[in-house]
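Residues in the sequence shown are numbered consecutively from 890, following my numbering.
Just so you know, even glycine gets a beta-carbon here, dropped at the ideal spot from N, CA and C.
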Amino acid sequence: MKKKLLTIAVMTALTVSTASVYAAAPTFSGDANIEYRNQDGGGDYLTNRIRLNVDSQIDDTFYIHGRMRMDNDLRNGNADNKTSFDQAYLGAKVGQVDVRAGKQSLAIGKGLLMDDDKFTGAHLATVVEGVKLNGFTGKDPANVNTSYGDVSTTWGNVNVGATYLYEGDHYYAVNADTKLTDNVVLNVEYAKNSTTEKNGYLAEVVVGNAVKKGDMKYSLSYRDIDASAIPDFTTDGWYKDSKGFRIKGAYKVSDAATLTAYQDLGEAQNGDDHKRTNVEFAVTF
890 MKKKLLTIAV MTALTVSTAS VYAAAPTFSG DANIEYRNQD GGGDYLTNRI RLNVDSQIDD
950 TFYIHGRMRM DNDLRNGNAD NKTSFDQAYL GAKVGQVDVR AGKQSLAIGK GLLMDDDKFT
1010 GAHLATVVEG VKLNGFTGKD PANVNTSYGD VSTTWGNVNV GATYLYEGDH YYAVNADTKL
1070 TDNVVLNVEY AKNSTTEKNG YLAEVVVGNA VKKGDMKYSL SYRDIDASAI PDFTTDGWYK
1130 DSKGFRIKGA YKVSDAATLT AYQDLGEAQN GDDHKRTNVE FAVTF
């Protein structure tokens, strides 16, 4: 009897020891910003945001991730303060297949079709012979059924991709990027809403790379996008129903702090002014 009890105790100790090896301690990280914005028809804003991440590798397959977000209106005090969880998901990675389920951020292509937070559903990513495949099915932040399939690969020195998105309407997009020189990159994307037969495109040249203290990055982009050509959860809702240039610069104040500013010189498709000034100071920790 004593031998049986000793065996059980040893096995229990080994199990606990093994579990402790796999269950890595959670890691914490985050970012914070202060942002000023002034835009035609929308007034000016001064806000700040703090986001806190928690990540844990449960074992050699499963992992979890969560993010809490706190937003504050610096002009109106407590009027528009809010706290929310915009990411909370369980993931599993087996070989080249990575699956996650829960509330998550999604970005596809160059961002014309989707680049936003708070999507709820299941996402799958894998690589097959150098071809990246991504897919999602679930709900968007407005609780609309959403699904997409995205494929991307590299031909020579050109990265190319194609996307189909359903989000009430049917959208298609193709994108590409390539290095023009060692520190100059060209990005392009074309998108179409086949339900409304509206379309749009974005072309951007980026110079430099803001990675470490003292680095600077500049970009110049031009867009021409019909009112219903892209969904609400694009990189920037300001792109919709507009055409014109954006001049943007980013400077690394320190390895963890970045100052970014851009000036939008655009107009709505009906010819009305559509300009915006944006300045953001952000830190990571």
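DSSP, read as helix, strand or coil, puts G1138 in strand. By the CB criterion at 8 Å, V1040 and A1031 fall outside the cutoff.
Within the same chain, L941, F974 come within 6 Å of M957 by CB-CB distance, once the 5 residues on both sides are set aside.
For A914, the closest C-alpha among the options N927, Y925, I953 is that of I953. In the DSSP annotation of this structure, E1086 is not part of any beta strand (DSSP E), being labelled neither H nor E. According to DSSP, residue pairing for W1044 in a beta bridge involves V1047. G1000 sits in coil when the DSSP states are folded into three classes, being neither helix nor strand.
By the CB criterion at 8 Å, D929 and H1163 fall inside the cutoff.
In this structure, the beta-carbon distance from G980 to R989 falls below 8 Å. When the alpha-carbon of L1069 is set against those of S1083, V1095, Y1060, L1054, the nearest one is in V1095. One Cα belongs to D1161, the other to S918, and the distance between them is close to 42 Å. Contact check for A1116 and K1081: beta-carbon distance about 13 Å, past the 8 Å limit, so the pair fails to qualify.
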